[in-house]
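In UniProt numbering, the protein residues as written are 1 to 288.
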């Protein structure tokens with residue numbers, strides 16, 4: 001038994017005195033991987049992340065008729081300068097309006113900038129198509145009106161109408177070729193969260209082209225025009241949009257005010273012409 005104990009003690013004694021591996025021998029194994037990893041990662045972390053630029057759009061040549069400019073130049077509109085209808089609504093309300101519009105049969109293009117809106121319109125209209133537009137501060141602000149006045153691949157019917165200087169003949173052109181184009185472009189005074197769009201005009205040429213005349217309609221509208229329902233759509237149009245349009249009319253035409261002679265609510269897309277009306281919903285404050 002004593003001899004066995006001596007042997008066990010001898011074994012343990014030999015393990016304690018075993019010479020450990022030298023630091024020099026173990027260092028490359030332990031340090032090599034972390035050093036390589038740091039060297040590989042460091043350049044990536046030091047490289048700045050490139051910012052995605054928004055698409056450009058042509059310049060607005062009617063800046064004196066934006067809402068902000070009119071609110072400064074027209075004393076009657078000045079009280080509306082910071083009105084709630086000049087501001088974009090929450091993301092939740094934008095999503096509600098988008099879903100509502102799609103449920104009503106409208107094809108919706110939700111974009112985040114004026115440049116994206118401009119590019120979307122260009123891509124929606126094929127070369128050779130006849131194009132007309134109602135007056136729209138929104139279309140001016142995204143640069144579409146400036147673009148349309150230049151060389152395009154489309155038949156600019158609006159230019160043909162304005163080239164006729166006889167008032168009676170020009171009115172007839174608005175009624176005929178103006179309302180029956182391949183693509184009619186405009187904005188709206190209100191978009192409801194449950195999927196309706198509403199607008200007004202004085203002459204009837206705008207509501208006529210949108211309701212039935214044109215083969216296709218493209219509506220461009222900012223999210224500042226989203227309202228709760230049809231009742232608020234009328235309120236926004238009658239109390240806010242009319243005040244702003246009257247200020248524009250005073251400056252552009254020298255008249256005391258504009259007027260709502262026609263008011264149109266499109267509650268859904270006609271079952272006879274599915275896909276006819278498309279809405280470009282811009283997450284920005286545009287027009288009035």
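Note that the Cβ used here is the ideal one computed from N, Cα and C, for glycine as well.
For the alpha helix (DSSP H) that residue i lies in, which residues bound it at each end?
i	result
residue 118	114 to 124
residue 111	Here residue 111 belongs to no alpha helix (DSSP H); instead the beta strand (DSSP E) covers 107 to 111.
residue 233	230 to 235
residue 246	242 to 253
Quick check: the Cα distance between residue i and residue j, rounded to an integer number of angstroms?
i	j	result
residue 251	residue 57	26 Å
residue 96	residue 110	12 Å
residue 242	residue 202	11 Å
residue 184	residue 178	9 Å
residue 91	residue 167	45 Å
residue 137	residue 271	30 Å
residue 232	residue 151	40 Å
residue 246	residue 208	21 Å
residue 182	residue 248	29 Å
residue 94	residue 283	8 Å
residue 230	residue 195	9 Å
residue 173	residue 206	13 Å
residue 142	residue 59	8 Å
residue 210	residue 175	13 Å
residue 254	residue 160	24 Å
residue 89	residue 64	25 Å
residue 164	residue 149	16 Å
residue 226	residue 234	12 Å
residue 273	residue 125	17 Å
residue 171	residue 260	19 Å
residue 162	residue 84	35 Å
residue 69	residue 180	33 Å
residue 108	residue 266	15 Å
residue 285	residue 204	26 Å
Between which two residues does the beta strand (DSSP E) holding residue i run?
i	result
residue 199	197 to 201
residue 264	262 to 266
residue 280	277 to 282
Taking the alpha carbon of residue i as the point to measure from, which residue in the options has its own alpha carbon closest?
i	options	result
residue 135	240, 211, 230, 62	62
residue 103	278, 284, 286, 182	278
residue 80	119, 287, 240, 182	240
residue 289	89, 76, 75, 71	Outside the modelled stretch of the chain, which goes from 1 to 288, sits residue 289, for which no answer is possible.
residue 113	121, 107, 276	121
residue 217	234, 171, 256, 276	276
residue 54	116, 86, 107	116
residue 258	237, 269, 153	237
residue 74	268, 147, 285, 256	256
residue 144	219, 99, 224, 266	219
residue 147	108, 266, 267, 119	119
residue 224	127, 281, 165	281
residue 268	108, 180, 101	101
Less than 8 Å separating the beta-carbons of residue i and residue j?
i	j	result
residue 213	residue 287	no
residue 190	residue 262	no
residue 139	residue 244	no
residue 187	residue 155	no
residue 86	residue 67	yes
residue 198	residue 264	yes
residue 169	residue 192	no
residue 132	residue 157	yes
residue 153	residue 128	yes
Compare the C-beta of residue i against all C-beta atoms of chain B and say whether one is closer than 8 Å.
i	result
residue 170	The structure shown contains no chain B, having only a single protein chain.
request  = Starting from the N-terminal side, write out each stretch of the beta strand (DSSP E) that is 3 residues or longer and does not extend beyond the segment 130 to 215.
outcome  = 130 to 133, 183 to 186, 190 to 192, 197 to 201
Minimum length 4: unbroken alpha helix (DSSP H) runs contained in the segment 46 to 99 = 67 to 73
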